[in-house]
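Enquirer: Converting from the sequence shown to the numbering used here requires adding 126 to each position, the first position being numbered 1. A single structure is presented below for examination.
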Amino acid sequence: MTASAAPRLWLARHARPIVDQGICYGRLDVAADPAASRAAAQALVRARPAPWAAIRHSPLQRCELLAQDLQALQPDWASKSDTRLAELDFGNWEGRAWSGIARADIDAWTADFCDHRPGQGESLSQMLARVNAAWQDARQCALQHGTDVLWITHAGVIRCVHWLMGHGAERQPLSHEWTAPAPAYGAWTVMPLTAEPSK
Numbered sequence: 127m128t129a130s131a132a133p134r135l136w137l138a139r140h141a142r143p144i145v146d147q148g149i150c151y152g153r154l155d156v157a158a159d160p161a162a163s164r165a166a167a168q169a170l171v172r173a174r175p176a177p178w179a180a181i182r183h184s185p186l187q188r189c190e191l192l193a194q195d196l197q198a199l200q201p202d203w204a205s206k207s208d209t210r211l212a213e214l215d216f217g218n219w220e221g222r223a224w225s226g227i228a229r230a231d232i233d234a235w236t237a238d239f240c241d242h243r244p245g246q247g248e249s250l251s252q253m254l255a256r257v258n259a260a261w262q263d264a265r266q267c268a269l270q271h272g273t274d275v276l277w278i279t280h281a282g283v284i285r286c287v288h289w290l291m292g293h294g295a296e297r298q299p300l301s302h303e304w305t306a307p308a309p310a311y312g313a314w315t316v317m318p319l320t321a322e323p324s325k
């Protein structure tokens, strides 16, 4: 990154989790594939060998492993855990097969997509609020240090950032609008940090 480049937020998704397909695992603390996590860390180091203003990771072990793998490659890349970067909490849906969750319960969630708490867990509006607070902190840090910030996080958090950048914190998404793509496991996307989220 050159001195004149604007600071950015790198949103890295954890490596592939070790969990059966079709299982709901938002806040469920499943492990990630160790070899895939090491490969993701190596790819990040190749993509950006420069220092960061800050590195933050979700406290879930699939993200913590990638943070540890990065620091093993770059000892000065110490990351701090941030609970605001955790995936959505699906409450009593966690660890269950999606196919085993009652259709009526899923319909109730999609009908009130932002404020309903799936599985009596966390609502999307609550998640958006915590991600927005973390985004504001990342923006302040990046502008203070003049360089990029890295988050090691989850698909849901990355979709929250996409929504906040496109629509702001006041506009609530409907279920059919929650379509922003997330990076593949172990991949990342980069967002600008020089402007406030859209109003």
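All C-beta atoms in this analysis are idealised placements derived from N, C-alpha and C, irrespective of residue type, glycine included.
With C-beta atoms as the reference, is methionine 317 less than 8 Å away from leucine 135?
Expert: Yes, the pair counts as a contact, with Cβ atoms nearer than the cut-off.
Enquirer: Under the three-state reduction of DSSP, which class applies to alanine 180: helix, strand or coil?
Expert: Alanine 180: strand per DSSP, three-state reduction.
Enquirer: Does the separation of the CB atoms of methionine 278 and alanine 138 fall below 8 Å?
Expert: One point to set straight first is that residue 278 is isoleucine, not methionine, in the sequence displayed. The answer is yes: Cβ separation under 8 Å.
Enquirer: Output the boundary residues of the alpha helix (DSSP H) element that contains isoleucine 75.
Expert: Any answer about residue 75 is impossible in this case: the structure gives the chain only from 127 up to 325.
Enquirer: Between lysine 239 and threonine 209, what straight-line distance do the alpha-carbon atoms span, to the nearest angstrom?
Expert: First, the amino acid is wrong: residue 239 is phenylalanine here, not lysine. Spanning the two alpha carbons is a distance of roughly 22 Å.
Enquirer: Determine, using beta carbons only, whether arginine 188 and histidine 242 come nearer to each other than 8 Å.
Expert: No. Outside cutoff.
Enquirer: Please work out which residues of its chain come closer than 7 Å, Cβ to Cβ, to alanine 259, disregarding the five sequence neighbours upstream and downstream, and give them in chain order.
Expert: Same-chain partners within the cutoff: Arg210.
Enquirer: Say whether the region 142-152 touches the region 292-302, bearing in mind that this needs 3 or more beta-carbon pairs closer than 8 Å, one atom from each stretch.
Expert: They do not touch, by the three-pair rule.
Enquirer: Taking glycine 148 as the reference, which of Gly221, Ala161, Ala255 has the closest Cα?
Expert: Of the candidates Gly221, Ala161, Ala255, the one whose C-alpha sits nearest the C-alpha of glycine 148 is Gly221.
Enquirer: For the alpha helix (DSSP H) containing proline 160, list its first residue and its last residue.
Expert: That run of the alpha helix (DSSP H) goes 160-173.
Enquirer: Identify the continuous beta strand (DSSP E) that holds valine 316 and give its terminal residues.
Expert: Looking at the DSSP string, the run of the beta strand (DSSP E) that includes valine 316 is 314-318.
Enquirer: List in chain order: all unbroken beta strand (DSSP E) runs of 3+ residues lying wholly within the region 188-230.
Expert: Qualifying beta strand (DSSP E) stretches: none in this window.
Enquirer: What would DSSP say about isoleucine 149, mapped onto helix, strand or coil?
Expert: Looking at isoleucine 149 - three-state DSSP - the assignment turns out to be strand.
Enquirer: Which stretch, first to last residue, makes up the alpha helix (DSSP H) that contains valine 275?
Expert: Here valine 275 belongs to no alpha helix (DSSP H); instead the beta strand (DSSP E) covers 275-279.
Enquirer: Under a three-way DSSP split, which group does proline 185 fall into?
Expert: In the structure shown, proline 185 sits in coil (DSSP, three-state: anything other than H, G, I, E or B).
Enquirer: With the cut-off set at 8 Å, would you say alanine 167 and arginine 142 are in Cβ contact?
Expert: Their beta carbons are not under 8 Å apart, which means alanine 167 does not touch arginine 142 by this criterion.
Enquirer: What residue range is occupied by the uninterrupted alpha helix (DSSP H) comprising isoleucine 261?
Expert: Position check: residue 261 holds tryptophan in this sequence, whereas isoleucine was assumed. Taken as a continuous stretch (DSSP letters only), the alpha helix (DSSP H) holding tryptophan 261 covers 250-271.
Enquirer: How would you call threonine 236, buried or exposed, if buried means at least 16 neighbouring beta carbons within 10 angstroms?
Expert: So threonine 236 ends up on the exposed side.
Enquirer: According to DSSP, is leucine 154 helix, strand or coil?
Expert: Coil, per DSSP.
Enquirer: In the structure shown, what three-state DSSP assignment does leucine 300 receive?
Expert: It is coil, neither helix nor strand.
Enquirer: Check whether the region 176-188 and the region 250-258 are in contact - that is, three or more C-beta pairs closer than 8 Å.
Expert: Contact between the region 176-188 and the region 250-258 is absent, because fewer than three Cβ pairs lie under 8 Å.
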